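Read left to right, the sequence shown gives residues 40 to 371 (our numbering).
Structure, as structure tokens:
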Amino acid sequence: MGRSLYAFASLAVALLPQPARADLQLCNKTSYVLEAVLGLEDKGARATRGWFRIDPGQCRGVLSGAVEAEKLYVHARALPVYGASPLPQTGHADLCVADGDFVIAAAGACNARRGQRLARFTAVRPAETEQGLAANLAEEADYSAEQARLAGIQRLLVLAGYDANPIDGIEGRKTSAALDQFLTDRRLGSEAASGAGFFDVLLAAVKSAEGIGFSWCNETAHTVMAALGVEGAAGIVTRGWYRVEPGKCVKPEVPGKPGRLYSFGEAVDKDGQAIRRAEQALAWGGATTLCTRAVRFELAEQGDCAARGLDATGFATIDLAGRLGATVRFRE
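See below:
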């Protein structure tokens, strides 16, 4: 995420000289769905209220009426679906938080029996806008609200197994194709992508154990070159190679509705050479022998691989019977 997650992180603690005009908003200009807690300090007393979910590109009201606190703080976290938190745990004050919706009136001393715990908060100085006061949560990419929304969609599409890289807030060809495929897979109209509930749809897809369609997800530190076998009426067709970068997912096109798929992956170094562990290639396959070759290929015949100058490769069998999809995760 980078050290400048919050655009306001380097600002001094805000001392409001007088009650500010009504309403306070937090605006999410990151590519992550965030949950935030608001902290207030006035005459030495501290209180917190949360959690507020804020989608990328969204502004959400967190306080109504005049802001009379001397100091304002924010603690934010990305949803667990993103894995290890990308947010820096630095700030200006430690205040109490709890799970679910909560208000803690004495947030300087936590009550462990009530599930309260300390979290690090950043001091904020909201800016005046036409809608009232607003503070931005931002990352180094410095997205606009529109770019943040698109970057957030890209990030979740990648986690769901669609190739929407790079995550840059720009609607390029790959992003458009990935988004169109996602909408098609879920029988959604194009207008769904601009709807208020679209991040819920994306999050549900990521959280689904299998999702829809077939995906490879690379959870190693190495590039993986993958090959796919598709079972059809005339036999098995193998295709390769698909490049799966570290930390990314790739969703290859699978024609029709096959009952079985076959998967093989091999880790390679920056020169394209197989990475070895204990004198064996670092690979993910299985007991089904199918034909491949070193360069890009599509092969409809699977017998006598070596006699035809091809490589006999062991693929893992993936049974799709009764399933909407499957995900193969490459792990060391």
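We put the beta carbon where it would ideally sit given N, CA and C, even for glycine.
On a predicted model such as this, the values are computed, not experimentally measured, just so you know.
Beta-carbon proximity check, residue i vs residue j, cutoff 8 angstroms
i	j	result
VAL72	ALA132	no
PRO285	THR259	yes
SER254	THR87	no
ALA173	ALA162	no
ARG92	LEU65	no
THR331	LEU349	yes
GLY325	GLY295	no
ALA203	LEU196	yes
HIS261	VAL307	yes
Of the residues the options, the one placed nearest residue i, counting alpha carbons only
i	options	result
ASP94	LEU241, ALA339, THR327	LEU241
ASN67	GLU80, ALA203, ALA184, ASP308	ALA184
LEU384	TYR121, LEU126, THR69, ALA144	Here the chain comprises residues numbered 40 to 371, so residue 384 is not present and cannot be evaluated.
ARG282	GLY298, VAL263, LYS309	VAL263
ALA232	ALA243, ALA244, ASP219	ASP219
PHE160	ALA173, GLY342, ALA146	ALA146
GLN170	PRO297, GLY104, LYS82	GLY104
PRO205	CYS149, GLU179, ALA190	ALA190
ARG370	GLU74, ALA235, CYS256, ASP81	CYS256
GLY234	LEU63, GLN97, VAL113	GLN97
ARG225	GLY252, ARG299, GLU109	GLY252
Sheet register partners of residue i (DSSP bridge)
i	result
CYS135	LEU157
HIS114	VAL76
ASP343	ASP343 is not bridged to any residue.
PHE356	According to the sequence shown, residue 356 is Thr rather than Phe. TYR301, per the DSSP bridge assignment.
LEU172	LEU63, GLU167
SER70	None, per the DSSP bridge assignment.
ALA313	VAL307
ALA320	ARG315
ARG99	LEU65
TRP255	VAL289, VAL367
Run of the alpha helix (DSSP H) containing residue i, from where it starts to where it stops
i	result
GLU305	No alpha helix (DSSP H) contains GLU305, which is instead part of the beta strand (DSSP E) from 299-307.
SER215	212-224
GLU185	184-198
THR244	Note on identity: in this sequence residue 244 is Ala, with Thr being the wrong assignment. Segment 237-246, the alpha helix (DSSP H) holding ALA244.
Run of the beta strand (DSSP E) containing residue i, from where it starts to where it stops
i	result
ALA365	364-369
ILE209	Neither: ILE209 is in no beta strand (DSSP E) and is coded neither H nor E.
Practice prompt. Enumerate, from N- to C-terminal direction, the unbroken alpha helix (DSSP H) stretches of 4 or more residues contained entirely within the region 260-284.
Written response: Counting only runs of at least 4 residues, the region 260-284 fully encloses no alpha helix (DSSP H) element at all.
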